[in-house]
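Chains as they are written, first to last, in this note's numbering: chain S, 30 to 105; chain C, 615 to 831.
Reviewing the structure listed below.
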């Protein structure tokens, strides 16, 4: 049986954009929503929501883009 | 296993699954944008992860890596080309090379031995070498003009010319001072055993890529 997980987290990133984050994550699941940048001093907070079979891959990829915070994982 | 062909998600899953079984964290893998040349890069802990999760961060124009650092996994991706592993148990140090026919023509094996000798003082006669799966002389038909660039390693079968890429690289290693008995050749043909291995010649653009990886523990 394939288990799917609902992920919600904040990605704190410099030099990124909604388009870059969506492009990086699109293959890794479904129901992907990336909120517009909430501007910090030199970077942005992006709220990411998606459904995936492999949360660790998603977090590994996102850790290249910035810092991950406020993680919620729900087993669907 | 490649991040520049096919689906990235699938490749990362496969890398993670495979590398976990041999005790390597797939996030630390070092990969190259291979260019069929003979540029071999020295890598250390600082370079870990280049090409691990995305293709863009891979080393450009590079067809081999070498290191004397532990915990630094270096990789080459192939589909018919030969991967060459070199190990110096004394230093210890390792190298991995991508030897397609173009790299072989440029004698990348000799370059691999040279950089290990110069950087680490490796003695060729003490080096151990191994080959990954590649297309073999049974299936690797080449143009007749290969004769001018490869004085050995070509087989004439009824007027058709076939290349034994592993034999050529074995000879190049031996000419560089590596003992023949220290070279391990699994004699696996990617083309004829296409159920188990990817073959570019057989599958063309749809071919996946095999990964060859080595790390000092």
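All C-beta atoms, glycine included, are put in the ideal place defined by N, C-alpha and C.
None of these values were measured; they are calculated from a predicted model.
The shortest CA-to-CA distance from residue 72 (chain S) to any of S:35, S:40, S:30, S:59 is the one to S:40.
Below the 7 Å Cβ cutoff, chain S contributes 56 as neighbours of residue 622 (chain C), in chain order. For the beta strand (DSSP E) assignment, the uninterrupted runs of no fewer than 3 residues enclosed by the segment 46-104 of chain S are, from N- to C-terminal side, 59-63, 73-81, 96-104. Taking 8 Å as the upper bound for CB-CB distance, residue 781 (chain C) and residue 692 (chain C) are not in contact here, some 17 Å apart. Residue 690 (chain C) sits buried, since 16 or more C-beta atoms from the chains shown fall within 10 Å of its C-beta. Under a criterion of Cβ atoms nearer than 8 Å, no residue of chain S is adjacent to residue 759 (chain C); the nearest Cβ is some 42 Å distant.
At a cut-off of 8 Å, the C-beta of residue 44 (chain S) has no neighbouring C-beta in chain C. A distance below 7 Å between beta-carbons, with the five flanking residues on each side excluded, links residue 712 (chain C) to the following residues of its chain, in chain order: 648, 677, 678, 690, 692, 695, 697. Flagged as an interface residue toward chain C: residue 90 (chain S), by a C-beta distance shorter than 8 Å. C-alpha of residue 727 (chain C) to C-alpha of residue 790 (chain C): approximately 7 Å in a straight line. For chain S, the residues of the segment 621-648 of chain C that bring a beta carbon within less than 9 Å of one of its beta carbons are 621, 622, 623, 624, 626, 627, 630, 640, 641, in chain order. Taking each of C:703, C:778, C:675 in turn and checking the Cα distance to residue 683 (chain C), the smallest one comes out for C:703. Below the 7 Å Cβ cutoff, chain S contributes 89, 90, 93 as neighbours of residue 667 (chain C), in chain order.
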